[in-house]
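When the count follows the UniProt record's numbering, it moves up by one through the sequence shown with no breaks and lands on 324 for the last residue.
Glycine included, each C-beta is placed from N, C-alpha and C at the ideal position.
A short worksheet on the structure shown next.
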Amino acid sequence: MDDTVTSPSNKMADSASESDSSSLDGGAMLPPSTVSRDQLQKRIESLQQQNRVLKVELDTYKLRVKALQEENRALRQASVSILRQEKCRLEQTLEQEQECLVNKLMRKIEKLEAETLAKQTNLERLRREKVELENTLEQEQEALVNRLWKRMDKLEAEKRSLQIRLDQPVSDPASPRDISNGDTASNLSNHIQTLRSEVVKLRNQLAVSQNENKEKMHRFALEEKHIREENLRLQRKLQQEVERREALCRHLSESESSLEMEEERQFNEALSARSRSVSSPGGSRPLSPYASPLLPNALGLQMPRPSLHLNSQVSIFFVYKVCS
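And the structure:
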């Protein structure tokens, strides 16, 4: 930048020296009688005055260059501090969002696990009740069948005895004993009718109990099927939540790695641009840093791009939509 500032003064000094040398040469070529010493003295004084003015301008340009260098250094430090603060803030925000999402997913998973455990406990209880009811029903059916068989055997024995009595000859005159036997036969027939009606009643009760048992078994089967379907649905939902959590963690890690790679790429580009600007020959540079469109590259930094922040906002919005 010193070469840029001092080049106009050097050109002016060169032109002045050339004009001076040309005038001196012309004066030397003229005869001494035509050139007076006073004119030469005035010419020398004017040239000295111009040299002093040029030196003052040179000092002024040097001071301006130094001030611009200080301003560039301050801008570079401010940009570095701003980028560091922005990076720290983004890292803290990302960490808080990740922690919030992980806690939310953990609560959902714990809730689903508790529901699954409760459903499994209820299913086991219903299975035990079903087994107990089946055993109780089997015992009752067995006891009822035994009672019916005993009564049937008793009725068969009474029937055979009555048949034997009815097959006896009736030629003898009636006696009080026969009358009592006739009363006994009528009582036995009444008792047989009573037993038959009781057998019919017990058979009806058995049929009713069997129908009730079938209905209960059907209801238990439907309830067990419903519980199994609910358990399967909860297991699938739990698996989906686990897969969604893994995908979310994978997406967050990929976003973080891509952000780090983007920052590293920007830093490498800024470093290469700075090395190119340092290695390039000195040319005409702007006096003000705001007039240069390549100020971030000249500072060796890369200003934060809005697209990265927009991508982070889009990823955060996607994460919230997934969790909700």
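Original post:
Roughly how many angstroms lie between the CA atoms of E229 and T116, to the nearest whole one?
Top reply: Per the coordinates, the alpha-carbon of E229 lies some 12 Å from the alpha-carbon of T116.
Subject >> Within 7 Å, strictly: CB atoms of L238 and L112 >> reply: The Cβ atoms of L238 and L112 lie closer than 7 Å to each other.
Original post:
Does DSSP put Q168 in a helix, in a strand, or in coil?
Top reply: Three-state DSSP puts Q168 in coil, outside helix and strand.
Original post:
Which residues in the same chain as V102 place their Cβ atom closer than 7 Å to its Cβ, once the five residues preceding and following it in sequence are excluded?
Top reply: The same chain holds no residue with a CB closer than 7 Å to that of V102 once the five nearest residues on each side in sequence are set aside.
Original post:
Buried or exposed: L232, going by 16 or more other Cβ atoms within 10 Å of its Cβ?
Top reply: By the neighbour-count rule (16 or more Cβ atoms within 10 Å), L232 is not buried but exposed.
Original post:
In this structure, does DSSP put S81 in helix, strand or coil?
Top reply: Helix at S81.
**OP:** Would you grab the beta carbon distance between K104 and L234 for me? Rounded to a whole angstrom, and I think it's under 8 Å.
**Re:** Your pair K104 and L234 does not check out as a contact, with CB atoms roughly 19 Å apart and the cut at 8 Å.
Original post:
Cα separation between C88 and E260?
Top reply: Answer to the nearest angstrom: the Cα atoms are 13 Å apart.
**OP:** Less than 8 Å between the CB atoms is what I'm expecting for L148 and L188, so what's the real figure, rounded?
**Re:** Contact check for L148 and L188: beta-carbon distance about 20 Å, past the 8 Å limit, so the pair fails to qualify.
Subject >> S108 and E241 closer than 7 Å at C-beta >> reply: First, the residue type needs correcting, since residue 108 is Lys and not Ser in the sequence shown. In this structure, K108 sits near E241, with a CB-CB distance shorter than 7 Å.
Subject >> Three-way DSSP call (helix, strand, coil) for S189 in this model >> reply: Under the three-state reduction of DSSP, S189 is assigned to helix.
Original post:
Are the beta-carbon atoms of L195 and L144 separated by less than 7 Å?
Top reply: It is not a contact, given that the beta carbons lie outside the stated cut-off.
Original post:
Of the residues Q141, S253, N190, which one's Cα is nearest the Cα of K159?
Top reply: For K159, the closest C-alpha among the options Q141, S253, N190 is that of N190.
Original post:
On the premise that I192 lies in contact with N122, defined as a C-beta separation below 8 Å, what is that separation, rounded to the nearest angstrom?
Top reply: Rounded, the Cβ-Cβ distance is 52 Å, inconsistent with contact.
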